[in-house]
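Sequences listed follow chains A and X, in order. Numbering that gives the first Met the number 0 puts the first residue of the first sequence at 0, with every later residue one more than the last. Numbering that gives the first Met the number 0 puts the first residue of the second sequence at 0, with every later residue one more than the last. Here a beta-carbon is modelled for each residue, glycine too, at the ideal position from N, C-alpha and C. A short worksheet on the structure shown next.
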Amino acid sequence: MVQERRILYEHLDVPNINTFDVFRQHEGYTRFEKAIADFEPDDIAKMVMGSGLKGRGGAGFSTGLKWSFVPRDIEPRYLCCNADESEPGTFSNRYVLEKNPHLLIEGILICCYAMGIETTYVYIRGEFTLGKKMLDAAIKEAYEQGYLGENVRDTGLNINIYTHPGAGAYICGEETGLIESLEGKRGQPRNKPPFPAVEGVFMKPTVVQNVETLCNLPFIVGNGVDWYTKMGPTYADMRNDPPTPDPNTGTKLYCISGDVNEPGVYELDLGLTCSELIEVAGGLRGEEVKAVIPGGSSAPILTHYELDTRLDFTSLTLAKSMLGSGGIIVMNETRNIVDCLLNIMKFYAHESCGQCTPCRWGTPWVRDIVQRIADGEGRQTTITRPKFGITESGRWGDTGETEEIYEDLDLLENVANNIANVDTMTWNTICVFGIAVSWPAVSYMRKFRPEFEAAIREGKLVTLPVAEATVPPEENYAYQQRIIPQEFADL
Amino acid sequence: MSDEIVQIETPFQFNEENKREFDELIGRYPVKEAAMLPTLHLAQRQEGYITPAVMKYVAELLELSVMKVKDVVTFYPMFFEEQVGKYVIRICHTLPCALRDCKVVLEHLKAKLGTDVASETDLAKGTTDDGKFTLMKVECLASCDVAPVIMVNDDLYKNLTPEKVDKLLEQLPN
Ligand SMILES: Cc1cc2nc3c(=O)[nH]c(=O)nc-3n(C[C@H](O)[C@H](O)[C@H](O)COP(=O)(O)O)c2cc1C
Ligand code: SF4
Ligand code: FES
Numbered sequence: 000m001v002q003e004r005r006i007l008y009e010h011l012d013v014p015n016i017n018t019f020d021v022f023r024q025h026e027g028y029t030r031f032e033k034a035i036a037d038f039e040p041d042d043i044a045k046m047v048m049g050s051g052l053k054g055r056g057g058a059g060f061s062t063g064l065k066w067s068f069v070p071r072d073i074e075p076r077y078l079c080c081n082a083d084e085s086e087p088g089t090f091s092n093r094y095v096l097e098k099n100p101h102l103l104i105e106g107i108l109i110c111c112y113a114m115g116i117e118t119t120y121v122y123i124r125g126e127f128t129l130g131k132k133m134l135d136a137a138i139k140e141a142y143e144q145g146y147l148g149e150n151v152r153d154t155g156l157n158i159n160i161y162t163h164p165g166a167g168a169y170i171c172g173e174e175t176g177l178i179e180s181l182e183g184k185r186g187q188p189r190n191k192p193p194f195p196a197v198e199g200v201f202m203k204p205t206v207v208q209n210v211e212t213l214c215n216l217p218f219i220v221g222n223g224v225d226w227y228t229k230m231g232p233t234y235a236d237m238r239n240d241p242p243t244p245d246p247n248t249g250t251k252l253y254c255i256s257g258d259v260n261e262p263g264v265y266e267l268d269l270g271l272t273c274s275e276l277i278e279v280a281g282g283l284r285g286e287e288v289k290a291v292i293p294g295g296s297s298a299p300i301l302t303h304y305e306l307d308t309r310l311d312f313t314s315l316t317l318a319k320s321m322l323g324s325g326g327i328i329v330m331n332e333t334r335n336i337v338d339c340l341l342n343i344m345k346f347y348a349h350e351s352c353g354q355c356t357p358c359r360w361g362t363p364w365v366r367d368i369v370q371r372i373a374d375g376e377g378r379q380t381t382i383t384r385p386k387f388g389i390t391e392s393g394r395w396g397d398t399g400e401t402e403e404i405y406e407d408l409d410l411l412e413n414v415a416n417n418i419a420n421v422d423t424m425t426w427n428t429i430c431v432f433g434i435a436v437s438w439p440a441v442s443y444m445r446k447f448r449p450e451f452e453a454a455i456r457e458g459k460l461v462t463l464p465v466a467e468a469t470v471p472p473e474e475n476y477a478y479q480q481r482i483i484p485q486e487f488a489d490l
Numbered sequence: 000m001s002d003e004i005v006q007i008e009t010p011f012q013f014n015e016e017n018k019r020e021f022d023e024l025i026g027r028y029p030v031k032e033a034a035m036l037p038t039l040h041l042a043q044r045q046e047g048y049i050t051p052a053v054m055k056y057v058a059e060l061l062e063l064s065v066m067k068v069k070d071v072v073t074f075y076p077m078f079f080e081e082q083v084g085k086y087v088i089r090i091c092h093t094l095p096c097a098l099r100d101c102k103v104v105l106e107h108l109k110a111k112l113g114t115d116v117a118s119e120t121d122l123a124k125g126t127t128d129d130g131k132f133t134l135m136k137v138e139c140l141a142s143c144d145v146a147p148v149i150m151v152n153d154d155l156y157k158n159l160t161p162e163k164v165d166k167l168l169e170q171l172p173n
């Protein structure tokens, strides 16, 4: 069985680890001290690039690469720590903030040193009152101990951290929405480019980084790149000739919820399979896995045929889904997928920021279609096509072929794909919230089409047995082109 | 909303403690407008909800038009423009909580409090007659591992069942 490897969460349950003294006894701030004593800022940036660290907040973008886009000649530069954690199914940042806030501060310090940043804003979602309280207290201690403020540890560095509360809007997790919200406006995402790395908060270069991403930095600096890259698989990127390494290194704080016996956060090397994770989380609650959402509610769903998929950035992208925020939601045989989609679509319809017409109108429209299907009022028509054959009177003629058309399912796919097209991966919206809507809508419907059809046909929600609820991959175009990546070392 | 149209009966002002906190806040940002959300949170904590007088006061503090403040207040679900109960009960109803029977807890709360669920435009609908509770549904509270969850004002309660809800409600002081 796969073992947990606790690195970020190693000291999480140590009593009073939230205080400076106890944190200090557990190597606290030694990695930052090592960074300033042994390395130049550019060395740190190179280490982060070399570690292959990818953003843990959702997009999975290479952190080192993001840092390299930041122009070093424009002052001031800012760091925004994204602690808005609102993606349904995700809850790993909360525990860091509430239990081990000094670890985040140390990560921020290393990032600030590497990027020459003096001001950091930690954007914490408004509901995290305890998390904000704990982080504020830790920041206060760090100021008192001389790790923050002017002339940090006599190095001449000035580093300030401020917490900034959100106010309940999911879209403020999107990096440019976060920036607008931080500036005191409605949290409506900006058009990109320019990207925040070039023009972010207060129109200055800004690094936006998730809590978990920043918490990886002390360990990369403390233990070195070689140590870090040993964890997790490195695949071969076949798009390049010769193939280049595509790292999925490090551990991930997998958040697992839904129908498992022991839901919670499990820190494991990237790259274990879906079924392994379910095992680690105490096994399935129920008889059979019906579906798994692998990366927060925005991610396309996986069926029981896909439980061997490895939960890392590359494997899931190639399986036409995503690791996203690492929020894994498991559903057993008693769940109705139409009902689950309805729940998720209500969420998105509520959270659209309303700037773009396709998203503002399309999302409630998708929700209404699913609602109609769930209420047993899904639309269906019978069409008759001419067909040459032997008619009732025994002569050759038009026998008329009838076909059942699930009008609402076509409409659902059409509306969703016009918000953002999941096949071409193009979106008609300002931010990728559009994809986060159409991805679940289209993938649930395509992969669990029999269940949707049954609801329309029978005029009520029908929960089909797992084997019947989804068609085998060979017969379903939703799975086509699913590719299993190859490890670089095996080439 | 021009300043003249707003009928302000009693002007609003920060109490001393909040004024001090505000003065500290404002120094964190290169532009005053950026202090908007923390300032509104402070004001809401003092006044209970965001009244026209609060908006006018915040606008003056941040040197903005009242319209700008209203613009922000209407965007964020955590800011109330109506009186709410002493205890605001937020119940999560997103998928992971739904898979753990949050509906049962919601129905129990509704029956127990004798109220409906508030909507964003009608908070009174979810407020009890004695003004003690406001019940509202919210989206994922990032605690899906201990679902179903509710928040009562600033505190999170986990793994709820109707029995736990009963106990919890009894404990709350009047
Ligand atoms: C609709 C939407 C919501 C998002 N919500 C969050 C969030 O709650 N927390 C987070 O860290 N990133 C969130 N992101 C991702 C951020 O835009 C951004 O990619 C991330 O904060 C970058 O940090 P990272 O590279 O460290 O992951 C969201 C993105 C979108 C499109
Ligand atoms: S896609 Fe939706 S959430 Fe994103 S900017 Fe447009 S309206 Fe707002
Ligand atoms: S769904 Fe309820 S806390 Fe996440």
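For the segment 88-104 of chain A, the residues whose beta carbon sits under 8 Å from a beta carbon of chain X are, in order, Gly88, Thr89, Phe90, Asn92 and Arg93. With a cutoff of 8 Å, Phe194(A) does not count as near ligand 2, since its C-beta is closer than that to no heavy atom of the ligand. For Leu140(X), the secondary structure class from DSSP, reduced to helix, strand or coil, is coil. Non-local beta-carbon contacts of Gln379(A) in its own chain, meaning distances under 8 Å to residues more than five positions away in sequence, involve Glu403, Ile404, Tyr405, Glu406, Asp407, Ile455 and Arg456 in chain order. For Thr212(A), the three-state secondary structure derived from DSSP is helix. Look at Thr89(A): its beta carbon is less than 8 Å from one of the heavy atoms in ligand 1. Excluding the 5 residues flanking it on each side, Gly396(A) has same chain C-beta neighbours closer than 6 Å at Thr390, in chain order. For Arg384(A), the enclosing beta strand (DSSP E) covers residues Thr380 to Arg384. With contacts defined by Cβ atoms closer than 9 Å, Val104(X) and Thr160(X) form a contacting pair. By the Cβ criterion, the segment 187-199 of chain A is not in contact with the segment 136-151 of chain A, since fewer than three pairs of Cβ atoms, one from each stretch, lie closer than 8 Å. Put simply, the CB of Ala146(X) is near chain A, with a gap under 9 Å to one of its CB atoms. If you look at Lys31(X), you'll find it isn't in any beta strand (DSSP E); DSSP assigns it neither H nor E. Distance check between Cys111(A) and each of Ala82(A), Asn81(A), Glu140(A) and Asn157(A) places Asn157(A) closest, using alpha-carbon atoms only. Fully contained in the segment 20-74 of chain X are the following alpha helix (DSSP H) runs of length 4 or more, in chain order: 35-46, 51-61 and 65-74.
The residue from Trp438(A), Lys289(A) and Ser442(A) with its alpha-carbon nearest to that of Val465(A) is Lys289(A). Taking every protein chain shown into account, the CB of Asp41(A) has fewer than 16 other CB atoms within 10 angstroms, so this residue is exposed.
Contact annotation for Asn215(A) against chain X: no contact, minimum CB-CB distance about 20 Å [criterion: below 9 Å]. By alpha-carbon distance to Cys355(A), the top candidate from Leu301(A), Phe346(A), His303(A) and Asn427(A) is Asn427(A). Its Cα nearest to that of Val151(X), the residue Tyr86(X) stands out among His92(X), Ala141(X) and Tyr86(X). Put simply, the backbone Cα of Ala348(A) is about 14 Å away from that of Leu94(X).
As summarised for the segment 47-103 of chain A, the continuous beta strand (DSSP E) elements at least 3 residues long and confined to that stretch are 77-82, given in chain order.
Our two residues, Thr228(A) and Pro244(A), have alpha carbons roughly 12 Å apart in a direct line.
Secondary structure in the segment 21-48 of chain A: the alpha helix (DSSP H) runs of 4 residues or longer, each lying completely within the stretch, are 29-37 in chain order. Contact of Asp154(X) with chain A is assigned, a C-beta pair being separated by under 9 Å. Put simply, the CB of Thr120(X) is far from chain A, with every gap to its CB atoms at 9 Å or more.
Fewer than three beta-carbon pairs drawn from the segment 466-483 of chain A and the segment 362-373 of chain A are found closer than 8 Å, and the two stretches are therefore not classed as touching. Between Tyr48(X) and chain A, the shortest Cβ-Cβ separation is not below 9 Å. Rounded to the nearest angstrom, the gap between the Cα atoms of Asn239(A) and Gly433(A) is 29 Å. The Cβ of Leu105(X) sits no closer than 9 Å to any Cβ of chain A.
When 7 Å is used as the limit between beta carbons, Ala33(X) is near these residues of chain A: Leu181, Glu182 and Gly183, in chain order.
Taking one beta carbon from each stretch, the segment 66-83 of chain X and the segment 31-44 of chain X have 3 or more pairs nearer than 8 Å; the two touch.
In terms of Cα proximity to Ala52(X), the closest of Gln12(X), Val83(X), Leu24(X) and Glu20(X) is Gln12(X).
Burial check for Asp311(A): the Cβ neighbour count within 10 Å reaches 16 or more, so the residue is buried.
Out of Ser142(X), Lys157(X), Lys111(X) and Arg89(X), the CA that lies nearest to the CA of Ser118(X) is found in Arg89(X).
Relative to the Cα of Asn342(A), the nearest Cα in the group Val72(X), Gly26(X), Pro37(X) and His92(X) belongs to His92(X). Between the segment 196-203 of chain A and the segment 95-104 of chain A there are fewer than three C-beta pairs closer than 8 Å, too few to call the two in contact.
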